[in-house]
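Have a look at the structure below, then the notes.
Protein chains in written order, with this note's numbering: chain A, 16 to 468; chain B, 16 to 468.
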């Protein structure tokens, strides 16, 4: 089994500026120097250990509630228009005046019940100075602004929002859990009990954390009747309706409106690249398996994409830059005529692979490329597909009635071997969700299980 | 009223390569020369007229069914691995062998009922030659491949997929209708009858075409009772469920979980940037208006963004490059803890503004920027907000019971003046949809009203 941290893999792709600041920061980390004024800092960057699985993340580098240092001193650096906070442990953080005024937590500036900003940007002086800074008896940082409006900030609140690169990185990882463990054919798919996930918060958190980090979790013991994927969706919040319905029945159907609704082989694909925002997470529940064939196959698309980047950089560049048309027409929940343009491999600004969009069945015959780019597109795509098809990348499993697989549809490619059904029809029920909703539930479960971080 | 074509505005930002090809193409457009072999062409690029509103688009440049020329000659250019098709009118098109084999329309290669590709990429020889090319008696292009598999292509099907820049541009505009008319405070918001839109395909098409091009359409005459936004959603397909419910009631509520659910002023914003894929289209139906205040305001975000690009390029670059955290926590349809990172202004690969993501209320206090970028972020945002607030950009209207406004939430910013209600509560009902679903219905209606294009 191959495990790689994308945080390591992508170190080389980070912005040079950021790297330079990090180096400067390392040199200066024990001093509240001008350098620190520029970038913010904390005295002792704790060693960050990232377990392969489980609940602990970079967020562990953030101070826990009650465990964070108090404010020793706070002062205004008027020239730099920064507030300098020195913590009890000697570390320093720096906060721009404008940001502090923008985020005043008082009831006039924040609608408490919605935890939303009510101060208008038009009323914000983005060049504000400060009149007075002091530390209150309850160890809050109090700022009086030139118009005599007063803001008070809790030490924990400030500490969590420190602008140092380390604090920002830890906070972002806590919010979005973007670290991934890549895998190949050696993966033992993590398996949990369906009913435990439904009824136990710790099991549900375990499920979603693993789904996020690894991209796939198998649940066993679901009742062998329709409606279980909807039930599981409710555990998160709600499912995502598409033109194939709230949930959909994967069976061999006459006049199939989708290639999945046949008994043929399904080559490795992601679902619904014909939408501009394909579903993030997919559930598939086995109600009836075929007599012969019908085994499932999955591949870690991020792992294969990284291999492509290293070994076939031209192909990687082609698939991350050219936009390909996808199409899906027919009738199901209602009639539909869907068209999208998606890159086969989506990368974010930092070069991280964030989504695979590939379904050969719905790739449009309309190909919006200049003639001289067509051949390189096909060659690049073929290279990528051959890589994902290699046995060392493919995990094969056979679903039995009551099994329910949950996976990251932005990351995994999945397929199915052709099958033969004699007496009874192979039948899976499926549903989609979006990552925003899944991550929302994950954050809420994490808070319930571990408390606020 | 100010109207600008983004197709004109963006000419300067197109890829130089594409421009070069266009120039070469212009020089060579009357000859089936090697240059055309490289880029594909059609003999007479018709003048393209784009009306400000209405149904006609660049797609009009595409041949209508029955009106397109037949095939005069087809031959294989083996060295270039291209099929050359000469049309009856003397124009030429060129198609790569690989693309033709990939898009064989025979029942073995295409699942007819789903109009989906069934040939696997692993079975596609991306370096294929051809054995024989001929024009059949029914004027189809017939290709026999080296393995003796045979493909036949209809002239119309091929013509629509011509790789010339003009044909591709026309096809893309037909599929996605990306041309927009920008506007300012002089806009007279187009108004249609609610019931006509529900029951008449031509009115519904008019509605959606105008919604796409202009970003806002007002519907009058909806029954003054809840459920009308859901009814209108069904006219398209389905609405988008969010944490605020299938539809949501905009009223002054105790312990409001959203700043919209107060009687305060709402500054100009887009809805739900706390989702990574904010809703594309919004419906708001007035059931009860306030006694005083509560007027609605809208601004064309694309128009303002273009002004920002021209007049404040640094601010534009800042807002199109920095990703900003948004947050939304609370409980409604269920409990939620949503976080996103979005740019305030999203541009596509060609530099076109494609989405505005801005709601000051849900902009997170977590700001993931290095200290030295914070001030330029605030200054840029303030410049953008001041521009959108300028009276020459703002259209103000007052909704009355039975009015229903539909608008592009990726493009328009909307706001509301503060209001006072005495005896009865101001009440709007809202719903969201996504553009993919709206565009799907638009394509189906266009086909129903105008026939296949």
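We treat Cβ as the ideally placed atom computed from N, Cα and C, and that holds for glycine. From a predicted model like this one, the values you see are computed outputs, not experimental measurements.
Is the beta carbon of residue j closer than 7 Å to that of residue i?
| i | j | result |
| --- | --- | --- |
| residue 431 of chain A | residue 281 of chain A | yes |
| residue 389 of chain A | residue 180 of chain B | no |
| residue 298 of chain A | residue 244 of chain A | yes |
| residue 427 of chain A | residue 295 of chain A | no |
| residue 100 of chain B | residue 393 of chain A | no |
| residue 456 of chain B | residue 236 of chain B | no |
| residue 250 of chain A | residue 213 of chain A | yes |
| residue 307 of chain B | residue 444 of chain B | no |
| residue 202 of chain B | residue 464 of chain B | no |
| residue 310 of chain B | residue 413 of chain B | yes |
| residue 342 of chain B | residue 354 of chain B | yes |
| residue 132 of chain A | residue 376 of chain B | yes |
| residue 340 of chain B | residue 381 of chain B | yes |
| residue 157 of chain B | residue 169 of chain B | no |
| residue 231 of chain B | residue 204 of chain B | yes |
| residue 146 of chain B | residue 161 of chain B | yes |
| residue 241 of chain A | residue 344 of chain B | no |
Sort out for me which residues DSSP pairs residue i with in a bridge.
| i | result |
| --- | --- |
| residue 131 of chain A | A:126 |
| residue 356 of chain B | B:340 |
| residue 143 of chain A | DSSP lists no partner for residue 143 of chain A. |
| residue 349 of chain A | DSSP, once it has assigned bridges, lists no residue as partnering residue 349 of chain A. |
| residue 107 of chain A | A:101 |
| residue 371 of chain B | B:360 |
| residue 444 of chain A | A:264, A:300 |
| residue 308 of chain B | B:434 |
| residue 149 of chain A | A:157 |
| residue 284 of chain A | A:429 |
| residue 319 of chain B | Answer is none; residue 319 of chain B lacks a bridge partner. |
| residue 86 of chain A | A:102 |
| residue 257 of chain B | B:260 |
Identify whether residue i lies in helix, strand or coil by the three-state DSSP scheme.
| i | result |
| --- | --- |
| residue 197 of chain B | coil |
| residue 268 of chain B | coil |
| residue 249 of chain A | helix |
| residue 243 of chain B | helix |
| residue 138 of chain B | helix |
| residue 429 of chain A | strand |
| residue 212 of chain B | helix |
| residue 412 of chain A | strand |
| residue 72 of chain B | Here the model assigns residue 72 of chain B a pLDDT of 31, short of 50, so the residue's position is not dependable, and the following value carries that caveat. Coil, per DSSP. |
| residue 335 of chain B | helix |
| residue 289 of chain B | coil |
| residue 204 of chain A | coil |
| residue 419 of chain B | strand |
| residue 225 of chain B | helix |
| residue 378 of chain A | strand |
| residue 407 of chain B | coil |
| residue 325 of chain A | helix |
| residue 15 of chain B | With chain B represented from 16 up to 468, any question about residue 15 of chain B goes unanswered, as that position is not in the structure. |
| residue 171 of chain B | helix |
Looking at the secondary structure, which residues open and close the alpha helix (DSSP H) in which residue i lies?
| i | result |
| --- | --- |
| residue 395 of chain B | 386–404 |
| residue 300 of chain A | That residue, residue 300 of chain A, is in no alpha helix (DSSP H); its beta strand (DSSP E) goes 296–303. |
| residue 114 of chain A | 112–117 |
| residue 5 of chain B | The requested residue 5 of chain B is not part of the displayed model; chain B covers only 16 to 468. |
Between residue i and the ligand SAH, is the CB less than 6 Å from at least one heavy atom?
| i | result |
| --- | --- |
| residue 318 of chain B | Among the ligands in the structure shown, none appear at all, so the ligand SAH cannot be discussed. |
Output the boundary residues of the beta strand (DSSP E) element that contains residue i.
| i | result |
| --- | --- |
| residue 166 of chain A | 165–168 |
| residue 451 of chain A | Run containing residue 451 of chain A: none in the beta strand (DSSP E); it sits in the alpha helix (DSSP H), 450–465. |
| residue 232 of chain B | 231–235 |
| residue 315 of chain B | 311–315 |
| residue 96 of chain A | Neither: residue 96 of chain A is in no beta strand (DSSP E) and is coded neither H nor E. |
Taking only beta-carbon positions, decide if residue i is within less than 7 Å of chain E.
| i | result |
| --- | --- |
| residue 278 of chain A | The structure shown contains no chain E; its protein chains are A and B. |
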